[in-house]
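Following: one structure in structure tokens, then a few remarks.
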Amino acid sequence: MRPHAEEEVSQMTDGRSDSPDGLARLDMSHHLHPFTDNARLAEMGGPRVFDRGAGCWLWDSEGRRYLDALAGLWCVNIGYGRAEMARVAAEQIERLAYYNTFFESTTAPAARLAAKLAEITPDGLDHVMFTNSGSEANDTILRLIRQFWLLEGQPEKTVVIGRQEAYHGSTLASSSVGGIPLMHAQAGLRLEGFVHVEAPHRYANAPTLPEQVYAMQAAIRLERTIKEIGPDRVAAFFAEPIQGAGGAIVPPEGYLSRVQEICRRHDILFVLDEVVSGFGRLGAWTAAEHFGLNPDFMTLAKGLSSGYVPITAAMVGRRVADVLLSRGGDLAHGFTYSGHPLAAAMALTNLDIIERERLVERVRDDIGPYFQDRLRSLSGHPLVGEVRGVGLLAGIELVQDKEKHLFFDPPGIVAAVCRDQMMERGIIVRAVRDILIISPPFVVERDQVDQIVSNLHDVFDLVSQQVGLALEDQRTEAAISGDDRALEGRTALITGASRGIGEAVARRFAEEGADLILVARSAEALRPVAEAVAGRGARVTCVAVDLSDPAAAETLASRIEETGASLDIVVANAGVLGEIRPLATQTDEDMDRVLSVNLTANALLIRTLHRFLNASDGGRVLLVGSGAGTGGFADWAPYGASKAGLDALMRTYAAETRDTSIRVNLVDPGEVRTAMRAAAAPDEDPERLPNPDRITDAFVRLASPVSTISGAVVPVSIRGETSDGGV
Numbered sequence: 156m157r158p159h160a161e162e163e164v165s166q167m168t169d170g171r172s173d174s175p176d177g178l179a180r181l182d183m184s185h186h187l188h189p190f191t192d193n194a195r196l197a198e199m200g201g202p203r204v205f206d207r208g209a210g211c212w213l214w215d216s217e218g219r220r221y222l223d224a225l226a227g228l229w230c231v232n233i234g235y236g237r238a239e240m241a242r243v244a245a246e247q248i249e250r251l252a253y254y255n256t257f258f259e260s261t262t263a264p265a266a267r268l269a270a271k272l273a274e275i276t277p278d279g280l281d282h283v284m285f286t287n288s289g290s291e292a293n294d295t296i297l298r299l300i301r302q303f304w305l306l307e308g309q310p311e312k313t314v315v316i317g318r319q320e321a322y323h324g325s326t327l328a329s330s331s332v333g334g335i336p337l338m339h340a341q342a343g344l345r346l347e348g349f350v351h352v353e354a355p356h357r358y359a360n361a362p363t364l365p366e367q368v369y370a371m372q373a374a375i376r377l378e379r380t381i382k383e384i385g386p387d388r389v390a391a392f393f394a395e396p397i398q399g400a401g402g403a404i405v406p407p408e409g410y411l412s413r414v415q416e417i418c419r420r421h422d423i424l425f426v427l428d429e430v431v432s433g434f435g436r437l438g439a440w441t442a443a444e445h446f447g448l449n450p451d452f453m454t455l456a457k458g459l460s461s462g463y464v465p466i467t468a469a470m471v472g473r474r475v476a477d478v479l480l481s482r483g484g485d486l487a488h489g490f491t492y493s494g495h496p497l498a499a500a501m502a503l504t505n506l507d508i509i510e511r512e513r514l515v516e517r518v519r520d521d522i523g524p525y526f527q528d529r530l531r532s533l534s535g536h537p538l539v540g541e542v543r544g545v546g547l548l549a550g551i552e553l554v555q556d557k558e559k560h561l562f563f564d565p566p567g568i569v570a571a572v573c574r575d576q577m578m579e580r581g582i583i584v585r586a587v588r589d590i591l592i593i594s595p596p597f598v599v600e601r602d603q604v605d606q607i608v609s610n611l612h613d614v615f616d617l618v619s620q621q622v623g624l625a626l627e628d629q630r631t632e633a634a635i636s637g638d639d640r641a642l643e644g645r646t647a648l649i650t651g652a653s654r655g656i657g658e659a660v661a662r663r664f665a666e667e668g669a670d671l672i673l674v675a676r677s678a679e680a681l682r683p684v685a686e687a688v689a690g691r692g693a694r695v696t697c698v699a700v701d702l703s704d705p706a707a708a709e710t711l712a713s714r715i716e717e718t719g720a721s722l723d724i725v726v727a728n729a730g731v732l733g734e735i736r737p738l739a740t741q742t743d744e745d746m747d748r749v750l751s752v753n754l755t756a757n758a759l760l761i762r763t764l765h766r767f768l769n770a771s772d773g774g775r776v777l778l779v780g781s782g783a784g785t786g787g788f789a790d791w792a793p794y795g796a797s798k799a800g801l802d803a804l805m806r807t808y809a810a811e812t813r814d815t816s817i818r819v820n821l822v823d824p825g826e827v828r829t830a831m832r833a834a835a836a837p838d839e840d841p842e843r844l845p846n847p848d849r850i851t852d853a854f855v856r857l858a859s860p861v862s863t864i865s866g867a868v869v870p871v872s873i874r875g876e877t878s879d880g881g882v
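Counting from 156, one number per residue, gives the positions in the sequence shown under our numbering.
What follows is the structure, encoded as structure tokens:
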């Protein structure tokens, strides 16, 4: 046993690693996660540890509950925690835990399951090879395809055609027939002999074409590819009825029947990959039944056991099976766990539950239509380009501009943010490029569907505001990027200018050509700042006032009038922390002092200086939110309340001035190294926080005459300058 391994095992057995953090650390020490940036996962502190499930709900090891709107990975169709499944598993383990299906052997569960699958699937799919994953099932089909054409005397028929953005598995062969670019970029894929045609994604490829016209054109592209290769060389065409991991791509009406007919005409085997769609997700036992298809092969997986145990199946059509049975001899293919008796018994029980509870009919007639109708209520949202789906499978395509049919560039960021926001709200969905995938268990209730849709709407509102801010921020940055002095000729009043964020903004505004009115309680504290900015060519006026005094705003107005200066920008940054103690023990005096400086003074300032801002050709008001009061600082009650009040003040004033040239925003600086934060959190490592001068770009852009953002809370992380991801 390697060094430290005994210690880790001991920790697991004596309970010391059963904490969420302990399990996450143990996991990251040894577990390579599939389809995951494992280095990034380690930086995040390790994975979320899920502990138990019931129905459509999951709980993590910290006790937080999640609505699983993805059914695991499209598979937990009957929901979590079925006692009947556990009972059957225990009974089968006691009776016969394992025996193989090699050497002229079988088990009762394997034999019964084979017959059941032949009954469920379309006529002609009478034979099955059991496997343990969809990847293995498709690999098996690829092996059988080659063997079939070899036995038919056509060994040159080896080329397999798949589709772009298709997912058929992770083995070398199954990922090669799939069309996921990221997978092909690894390990030198794809293998020789695999070709891809366009996915039938009408919204992306031909949104203005009528559905039937696009269906015909997409099918013709397949036939054109077959002719270019030569039908005598093409062995098979693989298709997911609905491309799941490719973005819930629903084919246009008539497309699948056309490609099946093309395959028949050119003597090409037609493979229907029903890993996702099988066993009721579309409101029929198979997508072949739903779309009226009769393939030569069918891949079955996820819903076969509802994910309770690994088991999958490669269904083999009569034409191929007859050749293999009559002329194939020994079938040199299979797996140790093919037709595992425990997995087969649980799959039979799962199918019995689906039949007995009429879950396929429920998806077709009740919850499926409700689910699709409710999701389509999101279609009018500016962020939503298209909602598409069948039964309990749907995709929501997110776009930058739905009128112009403009996608996000680079793709994938916006959907990932929406996914993470949904997770924060306790709902699990999936992001593929800029498409959100939703596929809940068949037992999902209407109120749970409503919960999914309601939260999606809220997330779309939040993210579209962030996206709008990001796009406007980019346009503003582009507009001022060629100008070294973006605030030339502007006059800015900055409160709290003697240190921290106020001082950093003053220095930066001076560099950008602004004249400054610097405000703080102490004239002496303002002096070094004034000297520094004056040295950069700015005209500087210093005003020492205590903003807790109601007369302070009038004092400032008088000084502006005395100097004859205009006023274009107000940066309201003054703040006081007050005592850090529970709200119930705060004194009235402390509450009054904190609120008077942080909130009341800003309201008086805006009211008093409005006439100057309105006279400007582009008045700008920037209220500074709290970087210090975020996180676990519940005892900062007066400070937190006053900063929340700033948000309301900003929105009110922005609404009142929307028909003027005044623009009003609240800047959220995130976590920044300031004296106030250091005093409040003396044990915090200041080196992990950015200096205030690193966040001043956002202030320059929002203060510039070209900015049109108003009424928004703008995080400085919008440009990635803090640890927050942001949009």
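Note that beta-carbon positions come from the ideal geometry of N, C-alpha and C, so glycine has one too.
Query - the stretch 257-267 touching the stretch 402-410, judged by at least three CB pairs closer than 8 Å - result: Judged by Cβ distances under 8 Å, the stretch 257-267 makes no contact with the stretch 402-410, as fewer than three pairs qualify.
**Report entry** Where E395 sits in the DSSP three-state scheme
**Finding:** Coil at E395, not helix or strand.
Query raised in the report: From V871 to Q576, what distance separates their C-alpha atoms?
Result: One Cα belongs to V871, the other to Q576, and the distance between them is close to 19 Å.
Requested in this report: Could you spell out the range, first to last residue, of the alpha helix (DSSP H) harbouring W229?
Outcome: Segment A226 to W229, the alpha helix (DSSP H) holding W229.
Query raised in the report: Could you give the uninterrupted runs of the beta strand (DSSP E) lying entirely in the stretch 700-746, keeping only those of 3 residues or more?
Result: Entirely contained in the stretch 700-746, the beta strand (DSSP E) runs reaching 3 residues are, in chain order, 724-727.
Requested in this report: Report all residues from its chain with a CB closer than 7 Å to the CB of S325; omit the five preceding and five following residues, and keep chain order.
Outcome: Residues S290 of the same chain have their beta carbon placed closer than 7 Å to that of S325, with the five preceding and five following residues left out of the count.
Report task. Assign R588 to one of two classes, buried (16 or more other C-beta atoms within 10 Å of its C-beta) or exposed (fewer than that). Result -> In summary, R588 is buried, with 16 or more beta-carbon neighbours lying within 10 Å of its beta-carbon over all protein chains present.
Query raised in the report: Can you tell me whether DSSP reads F349 as helix, strand or coil?
Result: Strand at F349.
Query raised in the report: Roughly how many whole angstroms lie between the Cα atoms of G786 and R748?
Result: Unreliable positioning characterises G786 in this predicted model, as indicated by a pLDDT of 48, which lies under 50. The coordinate reading is nonetheless provided below. About 23 Å.
**Report entry** Backbone CA spacing between R529 and H323 [nearest angstrom]
**Finding:** So the two alpha carbons sit approximately 30 Å from each other.
Query raised in the report: Helix, strand or coil: which one does DSSP assign to G786?
Result: Because the pLDDT at G786 is just 48, under 50, the model does not fix this residue reliably, and the point stays unresolved.
**Report entry** Sequence-distant residues of the same chain with beta carbon closer than 8 Å to P189, five excluded per side
**Finding:** Correct list, in chain order: S325.
Query raised in the report: How big is the Cα-Cα spacing for F854 and P524?
Result: Between F854 and P524, the C-alpha separation is close to 49 Å.
Query raised in the report: Would G690 be called buried (16 or more neighbouring beta carbons within 10 Å of its own) or exposed?
Result: Result: exposed.
**Report entry** G221 - containing beta strand (DSSP E), residue span
**Finding:** A small fix is needed here, since residue 221 is Tyr in this sequence, not Gly. Taken as a continuous stretch (DSSP letters only), the beta strand (DSSP E) holding Y221 covers R220 to D223.
Query raised in the report: Quick one: what's got a C-beta closer than 8 Å to L305's C-beta in the same chain, skipping five residues either side?
Result: If we look at L305 and ignore the five residues flanking it on each side, it has no Cβ neighbours.
Query - Span of the beta strand (DSSP E), counted from its first residue to its last, around L591 - result: Where L591 is concerned, the enclosing beta strand (DSSP E) starts and stops at I590 to I593.
Query raised in the report: Roughly how many whole angstroms lie between the Cα atoms of V779 and A799?
Result: When rounded, the separation of the alpha-carbon atoms in V779 and A799 is 11 Å.
Query raised in the report: Contact between the stretch 536-549 and the stretch 585-603: three or more CB pairs below 8 Å?
Result: Per the Cβ contact rule, the stretch 536-549 is in contact with the stretch 585-603 (3 or more Cβ pairs under 8 Å).
**Report entry** Continuous beta strand (DSSP E) stretch holding F258: start and end
**Finding:** Neither: F258 is in no beta strand (DSSP E) and is coded neither H nor E.
**Report entry** Sequence-distant residues of its chain with Cβ nearer than 6 Å to I593 (five each side left out)
**Finding:** Cβ neighbours of I593 beyond the five flanking positions: A224, A549 and V584.
Query raised in the report: Residue range of the alpha helix (DSSP H) that I116 falls in?
Result: Because the chain spans 156 through 882 in this model, residue 116 falls outside it and cannot be assessed.
Query raised in the report: Which two residues bound the contiguous alpha helix (DSSP H) that contains G544?
Result: No alpha helix (DSSP H) holds G544; the beta strand (DSSP E) holding it covers V539 to V545.
**Report entry** Contacting residues, own chain, Cβ-Cβ under 7 Å from A641 (five flanking each side not counted)
**Finding:** I635, E667, V855 and S859, listed in sequence order.
Report task. Note down, in chain order, each residue of its chain lying with its Cβ closer than 7 Å to the Cβ of D701, except the 5 sequence neighbours on either side. Result -> In its chain, beyond the 5 residues on either side, R676 and A707 have a beta carbon closer than 7 Å to the beta carbon of D701.
Query raised in the report: To which residues of the same chain is G581 closer than 8 Å at the C-beta, ignoring the five residues directly before and after it?
Result: Leaving aside the five residues that flank G581 on each side, the residues in its chain whose CB is nearer than 8 Å to its CB run, in chain order, R219, R220, Y221 and L222.
Requested in this report: Determine which residues share a DSSP beta bridge with C697 and list them.
Outcome: Residue pairing for C697: DSSP places it in a beta bridge opposite L673.
Query raised in the report: First and last residue of the alpha helix (DSSP H) that includes T863?
Result: Careful: T863 lies outside any alpha helix (DSSP H) and carries neither H nor E.
Query raised in the report: So V471 is in the beta strand (DSSP E); what residue range does that whole segment cover?
Result: Start and end: T467 to V471.
**Report entry** Residues of its chain near L228, where Cβ-Cβ distance is below 8 Å and the 5 sequence neighbours each way are ignored
**Finding:** Cβ within range, chain order: K457 and G462.
Query raised in the report: Secondary structure at M199, three-state DSSP: helix, strand or coil?
Result: In the three-state DSSP reduction, M199 falls in the coil class, being neither helix nor strand.
Query raised in the report: Where are the alpha helix (DSSP H) runs, 4 residues long or more, that stay fully inside the stretch 291-351, in chain order?
Result: The qualifying runs are 327-332 and 336-339.
Query raised in the report: In terms of alpha-carbon separation, which member of L272, E716, K557 and A321 lies closest to T504?
Result: The shortest Cα separation from T504 among L272, E716, K557 and A321 belongs to L272.
Query - Rounded C-alpha distance that separates S216 from P202 - result: Roughly 11 Å between the two C-alpha positions.
Report task. Just mark F258 as buried or exposed, buried being the case when its beta carbon has 16 or more other beta carbons within 10 Å. Result -> F258 counts as exposed, since fewer than 16 other C-beta atoms from the protein chains shown sit within 10 angstroms of its C-beta.
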